[in-house]
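Student: Structure incoming, see below.
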Amino acid sequence: MERQRRLIPGTLWPAILRQTEHALGCGALRPIDTQQSVIDSGGIRFLVRRVSSLMHKEQQREQAHKLQTAKRPQNPFLPPDPDLFVADISDTHLALLNKFNVIDHHLLIVTREFAPQQALLDLADFEALLACMAEFDGIGFYNAGTEAGASQPHKHLQIVPLPLGDTDLPVPIEPLLGAQDRLPELPFWHAFARFDADDLTRADAPKLALSRYRTLLEAAGIGALEIDRVWCHAAPYNLLVTRRWMLLVPRSQERVEGVSVNALGFAGSLFVRDAAQLDVIERLGPMTVLERAALPANT
């Protein structure tokens, strides 16, 4: 009998807890211990985690570059590690635990077939993401390209539970999020949209989210180009999605003075490898780090 390839409502969070316990027990899941600091910058209480094992991420990124330059695309997620496999989300996507997780219960939402990480998101991607977001309050994100912090060439979204850390707000950046499509308090180029309370519970929620995403791409000036018959972004960007809003940030570079920034940085959560990188963030200020990783606000 063929295995159910659709997520059964109400089963994802128990599956995450069950598989996390199993993966920890067998050594497949290797959580990265962190020390958390809070740094005030630009009206935000940024979470900064010092992560000694971010070298794992560095190695993944180097491997990703090798895979991208190979003649034949390789797939680091398929077949999935059975010890990290959480659930079939849809006919097109499955959920895996992030092997080297900094945040507990960090999920990767991976396409079953190889697709490049520079590909534009489509309806199937949003169907899978929203199926996960319906199960628990989390923040979904997409690192669109290596310059945006992607460490693997195979297309994958990610989601982590909220709150992001030990702060008063689920997402540190939220005090600056207004109702308009441009947020004057953010000193970098971006596009923003809010969801109404019932938007993501509607039957057509994935279509609505896809439409908002495409509107943000256009507003941010992210064009598309066809590569090997796949529509891809013409410039790197980060996307953040919660049940309440969507934020898209074009990128200029992946690192600022050696500090890697991915999508969660623009949610107010940064990760550093060592004391020297923490010093960089303290010296520049987290908001300046984001500003330099992105594009100028007046682009």
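Heads up: the sequence shown begins at 57 in my numbering, then just goes up one per residue.
Glycine included, every Cβ here is placed at the ideal spot set by N, Cα and C.
Are the beta-carbon atoms belonging to P228 and I100 less than 8 Å from one another?
Tutor: Along the sequence shown, read from residue 1 onward, the residue named residue 228 stands at position 172. Along the sequence shown, read from residue 1 onward, the residue named residue 100 stands at position 44. In this structure, I100 lies closer than 8 Å to P228 by Cβ.
Student: Check the DSSP bridge columns for L194 and list the partner residues they point to.
Tutor: Along the sequence shown, one-based indexing puts residue 194 at 138. Checking the displayed sequence, the identity of residue 194 turns out to be Gly instead of Leu. DSSP lists P217 as partners of G194.
Student: Taking the straight line between their C-alpha atoms, what separation do you get for F133 and L266?
Tutor: The sequence position of residue 133 within the sequence shown is 77, counting from 1. The sequence position of residue 266 within the sequence shown is 210, counting from 1. About 24 Å.
Student: Just the C-alpha distance for R86 and I159, rounded to the nearest angstrom, thanks.
Tutor: Here the question's residue 86 lines up with position 30 in the sequence shown. Here the question's residue 159 lines up with position 103 in the sequence shown. Taking the straight line from one Cα to the other gives about 11 Å.
Student: Going by C-alpha distance, which of N154, Q208 and D224 is nearest I88?
Tutor: Looking up residue 88 in the sequence shown gives position 32. Minimum Cα distance to I88 is reached at N154.
Student: Just verifying my parser: in three-state terms, what is the DSSP assignment at D147?
Tutor: Along the sequence shown, one-based indexing puts residue 147 at 91. Looking at D147 - three-state DSSP - the assignment turns out to be coil, as it is neither helix nor strand.
Student: Can you give me the start and stop residues for the beta strand (DSSP E) that H78 sits inside?
Tutor: On the sequence shown, position 22 is the one that residue 78 refers to. Per DSSP, H78 belongs to no beta strand (DSSP E); it is in the alpha helix (DSSP H), L68 to C82.
Student: So, is L103 buried or exposed, given that buried needs 16 or more other C-beta atoms within 10 angstroms?
Tutor: Walking along the sequence shown from the start, residue 103 turns up at place 47. Answer is buried; the Cβ neighbour count reaches 16.
Student: Do you know how far the Cα of A323 is from the Cα of P231?
Tutor: For the purposes of this step, residue 231 is taken as the residue at position 175 of the sequence shown. For the purposes of this step, residue 323 is taken as the residue at position 267 of the sequence shown. Between P231 and A323, the C-alpha separation is close to 11 Å.
Student: Which residues does DSSP list as the beta-bridge partners of S325?
Tutor: What you label residue 325 is simply residue 269 of the sequence shown in a count that begins at 1. S325 pairs with L103.
Student: Using the beta-carbon count (16 or more within 10 Å), is D15 buried or exposed?
Tutor: As shown, the chain starts at 57 and ends at 355. That puts residue 15 outside it, with no answer to give.
Student: Measure the alpha-carbon distance for P217 versus F197 and round it to whole angstroms.
Tutor: Residue 217 sits at position 161 when you count from the first residue of the sequence shown. Residue 197 sits at position 141 when you count from the first residue of the sequence shown. Distance between the alpha carbons of P217 and F197: 12 Å.
Student: Going by the CB atoms, is the gap between F244 and P352 shorter than 8 Å?
Tutor: Mapped onto the sequence shown, residue 352 falls at position 296. Mapped onto the sequence shown, residue 244 falls at position 188. Yes. Within cutoff.
Student: What is the residue span of the alpha helix (DSSP H) that V336 lies within?
Tutor: If you number the sequence shown from 1, residue 336 lands on position 280. Note, V336: alpha helix (DSSP H), A331 to L340.
Student: Helix, strand or coil: how does DSSP classify D181 here?
Tutor: The residue you call residue 181 lines up with position 125 of the sequence shown. D181: helix per DSSP, three-state reduction.
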